[in-house]
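Residue numbers (this note's numbering): 1 to 64.
The structure appears below as structure tokens.
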């Protein structure tokens with residue numbers, strides 16, 4: 001099984017040396033780069049690396 005990871009790209013000045021690449025064109029470009037690097041035509045799994053902060057859903061607040 002082969003898996004790839006997309007959603008962030010290298011940026012030496014960015015947080016953790018990465019910057020978000022979440023737009024559809026960026027995701028497609030990263031997927032194509034994964035395929036080229038691995039020398040395959042398809043991946044079994046593609047994970048998306050979320051580059052946004054989230055703290056989950058509060059259990060004490062009610063929906064508006």
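In this text, a Cβ means the ideal position worked out from N, Cα and C, and glycines have one as well.
Just so it is clear, the structure is predicted and the values come from calculations on it, not from any experiment.
Integer-rounded CB distance, given that residue 19 should sit under 8 Å from residue 9: The beta carbons of residue 9 and residue 19 sit about 6 Å from each other, so the pair counts as a contact at 8 Å.
Check whether residue 14 and residue 30 have beta carbons under 9 Å apart: Not a contact, by the Cβ cut-off of 9 Å.
Straight-line Cα distance separating residue 43 from residue 37: Rounded to the nearest angstrom, the two C-alpha atoms are 12 Å apart.
Span of the beta strand (DSSP E), counted from its first residue to its last, around residue 65: Any answer about residue 65 is impossible in this case: the structure gives the chain only from 1 up to 64.
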